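Let me begin by presenting the structure, written as structure tokens, before commenting on it.
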Ligand SMILES: Cc1ncc(COP(=O)(O)O)c(C=O)c1O
Ligand SMILES: Cc1ncc(COP(=O)(O)O)c(C=O)c1O
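Chains as they are written, first to last, in the numbering used here: chain R, 126 to 275; chain L, 126 to 275; chain D, 1132 to 1536; chain V, 1132 to 1536.
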């Protein structure tokens, strides 16, 4: 578990950084290239989950790319943590933008959280929201199941 | 065979009458009702082939109605004869108009006869030629096989 | 405001193009409203792309239009979820999917299927095609002497505990409307899955598949003002999950290797290959439009024409009417005594009255009622009283020519 | 006179409606010429009727248009007789008809079928669907290290005496044109029936099925400027006669009773239910029009664009090209090293370049060449050099964003 503990901590740190520094940047309607540069940079800040740590039970199937989402609940601290990976860089960045709004929440806040609103925060370009929405809504569905069972 | 001999003779007589008296009448482009009255009258002149004389080997399947065509070659007299029936009156009349041009032919003439031209002689209204053409061309095909094997 | 047939009719360009024709072959196929044509044009001319690939916005847009059509169809028949709508190439394809897809899952050797004598070949042949090799037995509900479905026999045959009961909503020959809700209930009481062939029924009445509670309901686009090449297979989710796909191919598949193939979820699992994309979208548009029309008014108008026509024809002694005036979706079927139906149709056609004659893809029915076929006038909401009157006059003329007194 | 892409392109209204887009997803579906749209409009607005019923002139006219379309298709591919053209709902449906229809007639338990690693799922899954229950075995021709079909292995695998050999004319992933004439000859020498999946091949080159001598050739309308919802199954008469119909229903039938059903002759036996009438007619019109275009010029133009695009992309060190520049029908498939193809497609889409990314319904191929998928640019005769250049610039931008140096 020690590797995963490190990974959780590292991810949490990166997500917190993303939430504070990068999220506001994405909210600025700039040139599309700038938004993607920000997204790519953001993806690069996150640790890589090695292949052997991507169990098929964590697989979320999107259109043509795959994503893995692992969830941890620290009952002592009362905090929800996520670790994730995708073979597509843009998907990984989008997951980061979504999950940085949730990671570290206490159980009560997590259960009450309106996940669809987090999606809005993504400020995606129009296309991105269309073509990724299928993949992202599987993630949202998955998270909603977690909410219900937490 | 005596019944069929009568039938062949009766049919031949009716067809001859049709060829001489009614065919020219059909050639007159009159009102459509007149043409059909002529066709119906013509069908009524022909003997009826009883059900038990309609072998399935003689069945020519058209669109939604059936026709039976029997062929006899009198090698002594060198003459081709036909006997036919249809459950649709108009089909029977059309067969009569076609066959009255062929019935009684000697073998040489029959083999040389251009059957498609006989069809033209039918002077059908436009629809009739379209919707009946499928059924009539099966008849023509059948006759052509007879030509080839005679 | 009452339903106005002229206003409705004006939306169908066919009638402007063919002002001299009286079209009473609506059970074979319907004409198309301008909005359906516009939908096809719009899609091909500006939104055309393949769907469900998600690699570019043009494809996303086309996918949205396609999935919106699925929702429109679901709304039109009152389905609980859009995913319960499977697009096929027509009623025939839908019934084949059912016959093939239930064999081996729901239907095991020795099991029984119950059909009725009223069925169209499309609801007979697919079952036959697979029954023999699978050892499944077909039972058939007979008719009463007055050509009604024998409901007592239906109940009796259900005692054989068929696994599947399949019947038409409306007979394409007689126009007869079956008591489908009652039949579904009886069939389900013995544990059968129900299939309703709605090819003729879908246009007759507003339907609500949830209220009907049928497991499956199928229909064709072309008979309900939509394009050719598309049909609908509705099923309850559980019922659809029983179906082995009839067609394998692209996009129905989650994973393919040469050893093994894993299917996608519904509805994609049952929609192999590139769908009839433009046709699906145009059908959705058409049904969305139709749902907003005065459907009660349309039905009443058709009933009025039916009664009017039926009474006139009943009064003609040379005619034998096969369909009845009550409980009829808008079809008058008859024969001229002693004459072949195709002769009658030929004479009507000369007068530019388009009807159908023959056995209407329902040979077992005609064998049962001992007619060689029949002439069928089938009405639609855009049919006018003047058209019905023209048809009646033309029938009089045909009778006069066929049976000179 | 040389082929003029601008003149040709003007016939496709999609481009006027979408002047800002560069459409390079032609292998997924093609755009439609005005003449195809006009054909649909004309049919629905003035000639609409059901076919093959023969009861009225409107139906006769529609039937004539439909059968004329069959003749147009026969002429387009050089079929001996129109009756050898079966209309289906698409390539996928045609291949399913073949897989289902040959089982039990040509294919007996223990028999073998030979496919290739290049196949689209539509030419894999239908065979799998029926092979298992029928005890028929699939063999697969592998690729060489440079992604070419291993022709030595093909010859070797033929020694197992497959009863059916089925392969694509052109790979939808790599654009590779297979030596189909040679393959047909080799396969027939061991007594196999040959199936060519022409979904991509039909547009590439003028084809002559008699010269090719293949037993079957199939393709979809929507990929060759025609409508969705229609496809073609060509077969030699003897080969078609081996097929058990996949679909049962109306008009394929000569006689139906509840005990027994007798089929009609070809082609009707294999066209159950109301066909995609309008789509068939529009496809016929489209192919008739296409046959009169400068097809050599079109092919040369596409080859020129292919070479131009290929050279530019080859020169980019971040790219790995999967398709080759020779023997290629007009598809450039590549990956940006270390990047996922969907990311590349997303960045191209932002620049309004429509391409496809992923596994292109050919998972076994990607498993074989060890790529998670690829980006595919597929060209058509209406593609301009300016479009290819715009795509190349957009790829440069995508690379810059994905791999900042
Ligand atoms: C080689 C090949 N075969 C088959 C198909 C399936 O065609 P359709 O989806 O039109 O049935 C395609 C289309 O993607 C293809 O490219
Ligand atoms: C009751 C019924 N079922 C099935 C069908 C077959 O429909 P389609 O030919 O559109 O597949 C028809 C159409 O004639 C019908 O009337």
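From the three backbone atoms N, C-alpha and C, an ideal C-beta is built for every residue, glycine too. Everything numeric in this text was worked out from a predicted model, so none of it was measured.
For residue 1194(D), the enclosing alpha helix (DSSP H) stretches over residues 1188 to 1208.
Here the residues close to ligand 1, judged by CB distance below 5 Å to any of its heavy atoms, are 1404(D), 1405(D), 1221(V), 1222(V), 1223(V), 1251(V), 1253(V), 1299(V), 1303(V), 1328(V), 1330(V), 1331(V), 1351(V) in chain order. Taking a Cβ-Cβ cut-off of 8 Å, the neighbours of residue 1533(V) in chain R comprise 165, 214, given in sequence order. Non-local beta-carbon contacts of residue 1216(D) in its own chain, meaning distances under 7 Å to residues more than five positions away in sequence, involve 1201, 1204, 1205, 1210, 1363, 1365, 1398 in chain order. Pairing residue 1394(V) with residue 1267(D), the inter-Cα distance amounts to about 21 Å. The beta carbon of residue 1230(D) sits no closer than 7 Å to any heavy atom of ligand 2.
Judged by DSSP secondary structure, residue 128(R) falls within the alpha helix (DSSP H) whose first and last residues are 127 to 142.
Annotated three-state conformation of residue 216(L) is helix, per DSSP. Judged by DSSP secondary structure, residue 1432(V) falls within the alpha helix (DSSP H) whose first and last residues are 1426 to 1445.
Here DSSP, grouped into helix, strand and coil, assigns residue 1307(D) to strand. Residue 1492(V) reaches chain D at 1380, 1381, 1382, 1384, 1387, counting residues in chain order whose Cβ is nearer than 9 Å. Not one heavy atom of ligand 2 sits closer than 7 Å to the Cβ of residue 1193(V). Counting along the chain, the unbroken beta strand (DSSP E) around residue 1217(D) starts and ends at 1216 to 1219. In the DSSP assignment, residue 1505(D) falls within the beta strand (DSSP E) that extends over 1505 to 1509.
Considering only beta carbons, the part of the region 1469 to 1496 of chain D lying closer than 8 Å to chain L consists of 1470, 1471, 1472, 1473, 1474, 1477, 1478, 1480, 1481, 1488, 1489, 1490, in chain order. Just measuring C-alpha positions, the residue of 1157(V), 1165(V), 1256(V) sitting nearest residue 1495(V) is 1256(V). Assignment of beta-bridge partners to residue 1237(V) by DSSP yields no partner. Following the DSSP letters along the chain, one finds residue 1262(V) in no beta strand (DSSP E) but inside the alpha helix (DSSP H) bounded by residues 1256 to 1265. Counting only unbroken stretches of 3 or more residues, the beta strand (DSSP E) elements lying wholly within the region 1296 to 1383 of chain D are 1324 to 1328, 1347 to 1351, 1362 to 1366, in sequence order. Comparing C-alpha distances from residue 1283(D) to each of 1291(D), 1277(D), 1273(D) shows the shortest one belongs to 1273(D). For the pair residue 1417(V) and residue 1356(V), the CB atoms are nearer than the 8 Å cut-off. Among the residues of chain R, none has a CB under 9 Å from the CB of residue 1150(V); the nearest is roughly 18 Å distant.
Residues of chain D whose Cβ lies closer than 9 Å to the Cβ of residue 179(L) do not exist; the shortest such Cβ separation is about 14 Å. Residue 1353(D) has a beta carbon lying within less than 8 Å of a beta carbon in chain V. The region 1520 to 1531 of chain V makes contact with the region 1466 to 1480 of chain V: 3 or more CB pairs, one atom from each, lie closer than 8 Å. When DSSP states are grouped into helix, strand and coil, residue 1275(V) belongs to the coil group.
Neighbours of residue 1253(V) in chain D, taken as residues whose beta carbon is under 7 Å from its own, are 1380, 1381, 1404 in chain order. Checking the DSSP bridge columns, you'll see residue 195(R) partnered with 208(R). Only residues of its own chain outside the window of five on either side were considered, and among them 1201, 1202, 1205 have a CB closer than 6 Å to the CB of residue 1213(D), listed in chain order.
With its beta carbon less than 8 Å from one in chain R, residue 1503(V) belongs to the interface. Residue range 1408 to 1422 is occupied by the alpha helix (DSSP H) that includes residue 1414(V), with no beta strand (DSSP E) assigned at that position.
In chain order, 1471, 1473 make up the part of chain D whose C-beta sits under 7 Å from the C-beta of residue 190(L). When DSSP states are grouped into helix, strand and coil, residue 1489(V) belongs to the strand group. For residue 1408(V), the nearest CB of chain D lies under 8 Å from its own CB, placing it at the interface with that chain. Within the model, the alpha-carbon separation for residue 1306(D) versus residue 1136(D) is close to 21 Å.
Listed along chain D, no residue sits closer than 8 Å to residue 206(L) by beta-carbon distance, the nearest being about 25 Å off.
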